[in-house]
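Asks: Take this structure, written in structure tokens, and hold onto it; I'll ask about it next.
There are 2 protein chains.
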Amino acid sequence: MKGLSCGTSRIVGCRFSIYPMADNFVDIIIGALKEVDTSKVWMKTDDVSTCVRGRSEHVFDVTKAIFTHAAKTGVHVVFNGTFSIGCPGDSEGDTYMSESDERLNEEASRVEKVEVATQFALYPLNNPDYMQVIADQVGVAADHGTFTKGVHYASRLDGDVHDVFQSLEEAFVNASKTDDRSHVTMTAAVSANSPSTKDN
Amino acid sequence: MKGLSCGTSRIVGCRFSIYPMADNFVDIIIGALKEVDTSKVWMKTDDVSTCVRGRSEHVFDVTKAIFTHAAKTGVHVVFNGTFSIGCPGDSEGDTYMSESDERLNEEASRVEKVEVATQFALYPLNNPDYMQVIADQVGVAADHGTFTKGVHYASRLDGDVHDVFQSLEEAFVNASKTDDRSHVTMTAAVSANSPSTKDN
Numbered sequence: 049m050k051g052l053s054c055g056t057s058r059i060v061g062c063r064f065s066i067y068p069m070a071d072n073f074v075d076i077i078i079g080a081l082k083e084v085d086t087s088k089v090w091m092k093t094d095d096v097s098t099c100v101r102g103r104s105e106h107v108f109d110v111t112k113a114i115f116t117h118a119a120k121t122g123v124h125v126v127f128n129g130t131f132s133i134g135c136p137g138d139s140e141g142d143t144y145m146s147e148s149d150e151r152l153n154e155e156a157s158r159v160e161k162v163e164v165a166t167q168f169a170l171y172p173l174n175n176p177d178y179m180q181v182i183a184d185q186v187g188v189a190a191d192h193g194t195f196t197k198g199v200h201y202a203s204r205l206d207g208d209v210h211d212v213f214q215s216l217e218e219a220f221v222n223a224s225k226t227d228d229r230s231h232v233t234m235t236a237a238v239s240a241n242s243p244s245t246k247d248n
Numbered sequence: 049m050k051g052l053s054c055g056t057s058r059i060v061g062c063r064f065s066i067y068p069m070a071d072n073f074v075d076i077i078i079g080a081l082k083e084v085d086t087s088k089v090w091m092k093t094d095d096v097s098t099c100v101r102g103r104s105e106h107v108f109d110v111t112k113a114i115f116t117h118a119a120k121t122g123v124h125v126v127f128n129g130t131f132s133i134g135c136p137g138d139s140e141g142d143t144y145m146s147e148s149d150e151r152l153n154e155e156a157s158r159v160e161k162v163e164v165a166t167q168f169a170l171y172p173l174n175n176p177d178y179m180q181v182i183a184d185q186v187g188v189a190a191d192h193g194t195f196t197k198g199v200h201y202a203s204r205l206d207g208d209v210h211d212v213f214q215s216l217e218e219a220f221v222n223a224s225k226t227d228d229r230s231h232v233t234m235t236a237a238v239s240a241n242s243p244s245t246k247d248n
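Chains A and B, in that order, give the protein sequences. For the first sequence, the residue numbers in this note's numbering are 49 to 248. For the second sequence, the residue numbers in this note's numbering are 49 to 248.
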């Protein structure tokens with residue numbers, strides 16, 4: 049996963065929520081957070097969502113780790129969030145951009161095996177070629193073997209949580225490199241342990 | 049809420065999930081669905097999300113109704129979805145565009161009182177003026193009295209579920225009218241009955 053950071057060191061953010069479908073959802077979320085080192089990202093949680101911001105690799109490292117540790121409980125847990133880069137209104141938190149690219153949570157996340165079903169959508173803003181950018185990155189996921197099909201308004205990925213997050217990260221970072229100041233967002237709903245029949 | 053449909057009768061879709069943070073989440077979702085008349089929209093549910101498509105007013109009517117009936121249980125429930133119009137790849141389901149504009153669920157939804165906290169973001173694609181389109185529609189929510197503050201990558205709305213969904217619908221429909229073939233998406237996370245301290 050080296051070389052996936054943005055060459056221009058532009059700040060990446062993700063506003064997301066973890067939804068454990070269980071009475072003890074608070075314990076599951078707090079338990080997952082305790083296992084994750086968030087020292088390389090700016091982070092703020094409110095009553096609706098959590099926002100993490102910093103270098104691309106740490107934003108993906110932290111979001112994957114929080115989700116993975118929540119999902120390993122076996123409870124039906126969903127990660128639902130939007131990644132963003134290049135938002136003209138974004139400015140704070142730049143101090144975190146000087147962190148090294150070593151991922152603090154990958155080792156502990158990697159030992160967990162969680163099968164996930166994911167729907168994601170890329171939104172390259174202010175780009176007349178945006179449909180091609182999207183198609184190219186769905187192609188990247190297809191090359192990874194995680195892409196399973198297109199659905200209305202989204203593309204579906206299935207597989208191990210690590211493979212799926214790698215596809216999400218590469219699609220997002222590649223799309224963000226289409227020009228120096230591109231503004232790109234990406235929504236992702238990542239579901240584990242659903243009792244519903246898998247639809248792929 | 050008359051006059052909020054798109055003049056060009058363009059198909060609107062929403063891919064969303066309802067997340068009840070409770071052991072009996074399946075019962076809550078199925079119970080809510082049973083109370084909602086979905087006959088005016090194309091609808092498909094898979095193991096990750098549900099997609100509804102049709103006239104704008106019915107997409108908002110159905111999504112608000114499903115969420116409201118789930119939230120009235122008192123359980124912490126979140127609606128998280130993306131509304132879309134003008135996607136160049138969208139084509140099916142046009143038969144639903146000939147439905148009348150009478151909302152089938154508004155009467156039953158309206159009697160329910162649910163306080164919600166919401167974060168939403170508009171993404172006008174392929175539009176150099178997109179930041180102004182977003183600012184204008186946040187202004188509409190401010191005029192409604194639902195806008196409470198901006199947060200990183202989103203705007204926050206608080207209040208009664210009906211007021212908040214009205215702001216979401218107007219923001220989305222207004223943004224979609226910026227030109228005849230505009231492609232606009234809007235993410236929304238709508239939370240009810242959270243045990244967390246309200247942050248506004």
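Every residue gets a Cβ at the ideal spot worked out from N, C-alpha and C, and that includes glycine.
1) List the residues of chain A that Lys246/B touches, going by C-beta distances under 8 Å, in chain order.
2) To be precise: take each residue of the stretch 69 to 81 of chain A, compare its Cβ to all Cβ atoms of chain B, and keep it if any distance is under 7 Å. Which residues remain?
3) Determine which residues of the stretch 104 to 135 of chain A have a Cβ less than 8 Å from any Cβ of chain B, and write them out in chain order.
4) Just curious, the beta strand (DSSP E) that Thr233/B is in, first and last residue?
5) With the cut-off set at 9 Å, would you say Ala113/A and Val84/A are in Cβ contact?
6) What residue from Asn175/A, Tyr67/A, Ile59/A has the CA that sits closest to Ser242/A's CA?
7) Please classify Asn222/B: does DSSP put it in a helix, a strand, or coil?
8) Please state whether DSSP places Ala70/B in a helix, a strand or coil.
9) Quick check on DSSP: helix, strand or coil for Glu163/A?
10) Using a Cβ-Cβ distance cut-off of 9 Å, determine whether Asp184/B contacts chain A.
11) Are any of the Cβ atoms in chain B nearer than 9 Å to that of Gln180/A?
12) Compare the C-beta of Asp138/A against all C-beta atoms of chain B and say whether one is closer than 9 Å.
13) For Val199/A and chain B, any beta-carbon pair shorter than 9 Å?
14) Which residues share a DSSP beta bridge with Ser65/B?
15) I want to verify the contact list: residues of chain E whose CB lies under 7 Å from the CB of Thr235/B, in sequence order.
16) For Ala165/B, go through chain A and note every residue whose CB falls closer than 7 Å to its CB, in chain order.
17) Name the residues in the stretch 189 to 218 of chain A whose C-beta lies less than 9 Å from a C-beta of chain B; which are they?
Replies: With the structure as the only source:
1) Within the second sequence, the letter at position 198 stands for residue 246/B. Within 8 Å Cβ-Cβ: Asp95.
2) Per Cβ criterion, the list reads Met69, Ala70, Asp71, Phe73, Val74.
3) His124, Val126, Asn128, Thr130, Ser132, Cys135
4) Here residue 233/B refers to the residue found at position 185 when the second sequence is read from its first residue. 232 to 240 is the extent of the beta strand (DSSP E) around Thr233/B.
5) As a working mapping, residue 113/A is identified with position 65 in the first sequence. As a working mapping, residue 84/A is identified with position 36 in the first sequence. The answer is yes: Cβ separation under 9 Å.
6) Against the first sequence, residue 242/A aligns to sequence position 194. Residue Tyr67/A is the option with its Cα nearest to Ser242/A.
7) Reading the second sequence from its first residue, position 174 is the one you call residue 222/B. Correct three-state label for Asn222/B: helix.
8) For the purposes of this step, residue 70/B is identified with residue 22 of the second sequence, where counting begins at 1. Note: Ala70/B maps to coil in three-state DSSP.
9) Numbered from its first residue, the first sequence carries residue 163/A at position 115. Reduced to three states, the DSSP call for Glu163/A is strand.
10) If you number the second sequence from 1, residue 184/B lands on position 136. It does not: the Cβ of Asp184/B has no partner Cβ on chain A nearer than 9 Å.
11) Indexing the first sequence from 1 puts residue 180/A at position 132. It does not: the Cβ of Gln180/A has no partner Cβ on chain B nearer than 9 Å.
12) Within the first sequence, residue 138/A is the residue found at index 90, counting from 1. Closer than 9 Å to some Cβ of chain B, the Cβ of Asp138/A qualifies, so yes.
13) Position 151 of the first sequence, counted from the start, is the residue given in the question as residue 199/A. So yes, Val199/A belongs to the interface.
14) For the purposes of this step, residue 65/B is taken as residue 17 along the second sequence, with counting starting at 1. Answer is Asn128/B, bridged to Ser65/B.
15) Here chain E cannot be found, since the structure's protein chains are A and B.
16) Residue 165/B sits at position 117 when you count from the first residue of the second sequence. Residues of chain A passing the Cβ test: Asp95, Val96.
17) Gly198, Val199, His200, Tyr201, Ala202, Arg204
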